[in-house]
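In what follows, a structure is listed as C-alpha cells, so that the remarks can point back to it.
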Amino acid sequence: MLTILFDGIAYGMLLFILAVGLSVTMGLMNFINLAHGAFAMAGGYLTVVLMQRFGVPFLICLPLAFLATGFLGAIMERSLYRPMYAKPHLDQVLFSIGLAFMSVSAIDYFMGSQQQIMQLPDMLKGRTEIWDGALGMGHYRLFIIAICAALTLALQYVLAKTTFGSRLRASVDDSRVAAGLGINVNSVFAITFAVGSGLAGLGGALGAEVLGLDPTFPLKFMVYFLIVVAVGGTSSITGPLLAALLLGIADVPGKYYVPKLGAFIVYSLMLLILLWRPQGLFVRKGGH
Amino acid sequence: MQAESHQRLQSSLLQPARWKWAEFLFWGLVFLAPWVLPSHALMVNEMAIVALFALSLDLVLGYAGIVSLGHAVFLGFGAYSAALFAKHIMPDPLVGLCFAMVTTSCLGALCALTILRGSDLTRLMVTLGMALILLELANKLDWLTGGSDGLQGVLMGPLLGRFEFDLMGQTAATYSLTILFTSFFFVRHWVHSPLGATVKAVRDNRLRAMAIGINVNARLAVVYGAAACLAGAAGALMAQTTGFASLDVFALDRSADVMLMLVIGGVGWLYGGVLGAVAFKLMHDVIAGITPQYWTFWIGLFLVVLVLVGRERLLKPWTWWRS
Chain A
1 MLTILFDGIA YGMLLFILAV GLSVTMGLMN FINLAHGAFA MAGGYLTVVL MQRFGVPFLI
61 CLPLAFLATG FLGAIMERSL YRPMYAKPHL DQVLFSIGLA FMSVSAIDYF MGSQQQIMQL
121 PDMLKGRTEI WDGALGMGHY RLFIIAICAA LTLALQYVLA KTTFGSRLRA SVDDSRVAAG
181 LGINVNSVFA ITFAVGSGLA GLGGALGAEV LGLDPTFPLK FMVYFLIVVA VGGTSSITGP
241 LLAALLLGIA DVPGKYYVPK LGAFIVYSLM LLILLWRPQG LFVRKGGH
Chain B
1001 MQAESHQRLQ SSLLQPARWK WAEFLFWGLV FLAPWVLPSH ALMVNEMAIV ALFALSLDLV
1061 LGYAGIVSLG HAVFLGFGAY SAALFAKHIM PDPLVGLCFA MVTTSCLGAL CALTILRGSD
1121 LTRLMVTLGM ALILLELANK LDWLTGGSDG LQGVLMGPLL GRFEFDLMGQ TAATYSLTIL
1181 FTSFFFVRHW VHSPLGATVK AVRDNRLRAM AIGINVNARL AVVYGAAACL AGAAGALMAQ
1241 TTGFASLDVF ALDRSADVML MLVIGGVGWL YGGVLGAVAF KLMHDVIAGI TPQYWTFWIG
1301 LFLVVLVLVG RERLLKPWTW WRS
C-alpha cells in the first residue's frame, strides 16, 4: 500500500518536472503548446543515444539532456514560436499539434518505432524495504524524487527571491503593465521557454525508464501534461505541483488495483474538477 | 418611395441566403460522381462522411467559436450506436441512423454543460477528456463493444427495403451524399436565420451579445447539440457503410484530422468543411501512396507552414511573402 503511494509520488514529481515549463509558458504568453512533450522526448532519446552509442554515463547524460533541449527550445522559440503568440488559440493548437506530429514521425524514421530500453547504472538499481516490506522503495524512484524535489525548491527560490523571478511573476500577472514598467517581457519569456523545455528534456531523460520511451511519447503524455496545467492553474508553480502529485497518486493505484478502469478514473476526475473549478483548482484571486 | 428602398434593403440582406447557380452545379456534379466514376465510389462515400463530420465541427468551431479537440467523441458514439442498433435491434439503415442521431444529440446536450464555462484551455481539456473517457469505456466494456477488436458482424439491411449495399459502394455513396446534402441544406438555412446570426454574435463578442439580451449559454448549447447530432450521423454512416465500428473512431487523430480539413477549406464557411474534406482525402491518398508510414510528418509540416503563412492566405499564394 505504502509502496504504491511511494510510486505515485515519484510519478507525480516526474510529471511536475515535465509539465512545469508548459504551465509557466502558458500562463505567461497564454500560448497553448501541444508540442511540449516533443521536448521531453528529445531529452529521452538524446540520453538513450549518448548512453548506447557513446557510452556516456547516465549521470552525465542528465545535465546534457537539460542543456541540449533548453538550447533547442531557445532556437524554436526565436524562430517558430514567436510569431504565434498574437494568433488566435485555434492557430496555436494547429501549429503545435503539427509540430508534435512531425516529431513523432521524425523519431520513428530515425530511431524506429520500438520502445527504447535504458540501462541504469548499478548504484540506482535495487530497492530498499523497511517496516517488514510494508514500504518498498526502488532506488531509482528515490533518486527521481530527490532530484525533482531539489529542482522544485530551486525553482521556488528563483521565483520568490530573485529579480528575475519577480520580473517573471509580474509578466505572468499582467504582461502589458510589466512591459510598461520596463521589463523586457520577450526576453523573460525566451529564457523561461528555454528553461521549461530543458526541464522537460531532463524529465524525459529521467522518466524514460518509468514512463516508457517510444515515438508516440508526445501524443501519449500530452494529455497528462495538459491535465497538470489545466487543473493546477497557470499562475503559480505550487498549483501544478499539487496537481501533478494528485495525478500521480490517483493514477498509479488506479492502474494497480483496477487496471480495467485506470485511465478512466483519471480522466473523469479531471472532468469533474474542471466542471467544478473551470480555471483550475489552485487559482489565485486577482491574477489571471 | 420608402417602400421601394425598404424592399431593396431587404433583398440585399437576403442575398447571401439565396442559392446560387454554382451551388446547384456543385451538388449536381457531386451526386453524379459515384455513377460516373464507379471505381471511386467508395472514396466518394468516405469523402461524404468526413465532409459531414467537418460540417459539424464547422458549426462548433467556425460559427460558435469553441476550440474542440475531442469532436471524435460524437463520431464514435454515433458509429457505435448505429452498429449496436443494427446488430441487436433492427438492421434497417434509416431507422438506425435516426436512432444514432437521437442518442448523440442527448450526449451532445450533456457535453454542452461542460463547455459553457472556463477559458479555451479548459474547453480544449474537457472536449479532449470526453473523447478519452468514451475511448476508455468502449475499450473496457468489451462484452458490448468488442473492445480493441472492434464491433464485428454488423449486417445492414437494404436501404428503404429495396437497395442492397453493394461491394462497389455506389448505394453507400449515394446514401451518404443524400444525408450530407440534407444536413447541409438544413444547416445552410439555419446559419442564415436569426438564430444563426445570434450565434455568430456570441462568437464575435460574448459580452456584447449578452448585453443585447442574447441568452449565450442556451445558444451555445443548441449549436453544440446540433453539431453533435450531425457528427453522430457521420459516425452512423461510417459504421453502416463499412459494417464495422472500431476504437479508432474516438482517437485524437480523428479530431485533429477533421480540424485540419476544416482549416484547409476555411473556417466559418459551410463549403469549407466539404471542400476541405475532399482536398484532405485526396492529399492523404497521394502522400500515403508515397510514404505510408510517415505521412503524419507531412501533415504536421503542412499544418506548421499553413499557420506560419496564415491560413486565410492559403488560397492566395501571391500574398505569402508579404508581411
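In order, the protein sequences belong to chains A and B.
Going by our numbering, the first residue of the first sequence is number 1, and it counts up by one from there.
Going by our numbering, the first residue of the second sequence is number 1001, and it counts up by one from there.
Every residue gets a Cβ at the ideal spot worked out from N, C-alpha and C, and that includes glycine.
query                                                                                                                     : result
Per-residue DSSP class, three states only, for residue 1159/B                                                             : strand
Minimum Cβ-Cβ distance from residue 1200/B to chain A less than 8 Å                                                       : no
Beta carbon proximity, residue 970/B to chain A, threshold 8 Å                                                            : The structure shown does not extend to residue 970/B, since chain B spans only 1001 to 1323, so no value can be given for it.
Spatial distance of residue 1084/B from residue 1040/B (CA atoms)                                                         : 28 Å
Element boundaries [alpha helix (DSSP H), containing residue 209/A]                                                       : 185–211
In DSSP terms, what residue 1210/B is bridged to                                                                          : Its beta-bridge partners do not exist; DSSP assigns none.
Interface partners of residue 1129/B on chain A, CB under 7 Å                                                             : 267, 270 and 271
Against chain A: residues of the stretch 1297–1308 of chain B by CB proximity under 9 Å                                   : 1297, 1298, 1299, 1300, 1301, 1302, 1303, 1304, 1305, 1306, 1307 and 1308
Own chain residues within Cβ distance below 6 Å of residue 1342/B, not counting five before or after                      : Residue 1342/B falls outside the range modelled here, since chain B spans only 1001 to 1323, and no answer is possible.
Opposing strand residues paired with residue 130/A [DSSP bridges]                                                         : 135/A
Start-end ranges of the alpha helix (DSSP H) lying completely within the stretch 1125–1193 of chain B, minimum 4 residues : 1142–1145 and 1170–1191
According to DSSP, residues forming a beta bridge with residue 149/A                                                      : According to DSSP, residue 149/A bridges with nothing at all.
Whole-number beta carbon distance between residue 1053/B and residue 1234/B, since they are thought to touch under 8 Å    : 4 Å
Three or more C-beta pairs below 8 Å linking the stretch 71–85 of chain A and the stretch 186–201 of chain A              : yes
C-alpha distance - residue 1216/B paired with residue 1205/B, whole-angstrom precision                                    : 10 Å
Simplified DSSP state of residue 119/A, which is helix, strand or coil                                                    : coil
Same chain, Cβ closer than 7 Å to residue 107/A, neighbours up to 5 away in sequence not counted                          : 41, 45 and 215
Within-8 Å CB hit, residue 102/A to chain B                                                                               : yes
For residue 1170/B, the nearest candidate out of 1071/B, 1033/B and 1197/B (CA to CA)                                     : 1033/B
Integer Cβ distance of residue 48/A from residue 213/A, believed to fall under 8 Å                                        : 7 Å
heavy atom of the ligand ADP below 7 Å from residue 230/A C-beta                                                          : The ligand ADP is absent from the structure shown, which contains no ligands of any kind.
Residue 1245/B - DSSP class collapsed to helix/strand/coil                                                                : strand
Residue 281/A vs residue 243/A beta-carbon contact at 8 Å                                                                 : yes
Anticipated Cβ contact below 8 Å, residue 1188/B with residue 1132/B, distance rounded                                    : At roughly 33 Å, the Cβ-Cβ gap does not stay under 8 Å, so residue 1188/B and residue 1132/B are not in contact.
Contact with chain B by residue 7/A, beta-carbon distance below 8 Å                                                       : no
CB of residue 1124/B within 8 Å of CB of residue 32/A, strictly                                                           : yes
The stretch 13–23 of chain A / the stretch 220–236 of chain A touching (three or more Cβ pairs under 8 Å)                 : yes
Proximity of residue 1049/B and residue 1176/B at Cβ, strictly below 8 Å                                                  : yes
Local Cβ density within 10 Å of residue 52/A, reported as buried at 16 or more and exposed below that                     : exposed
Partner residues on chain B for residue 230/A, Cβ-Cβ distance less than 7 Å                                               : 1121, 1122 and 1125
Given 8 Å, three or more beta-carbon pairs between the stretch 237–255 of chain A and the stretch 1104–1123 of chain B    : no
Cross-chain neighbours of residue 1256/B in chain A, by beta carbon under 7 Å                                             : 97
Residue 1185/B, buried or exposed, once every other Cβ within 10 Å from all chains shown has been counted against 16      : exposed
Residues near residue 1265/B by beta carbon distance below 8 Å, same chain, minus five either side                        : 1054, 1271, 1272, 1273, 1274, 1275, 1276, 1277 and 1279
Integer-rounded CB distance, given that residue 100/A should sit under 8 Å from residue 38/A                              : 6 Å
Inter-residue Cα distance where the pair is residue 1287/B and residue 140/A                                              : 44 Å
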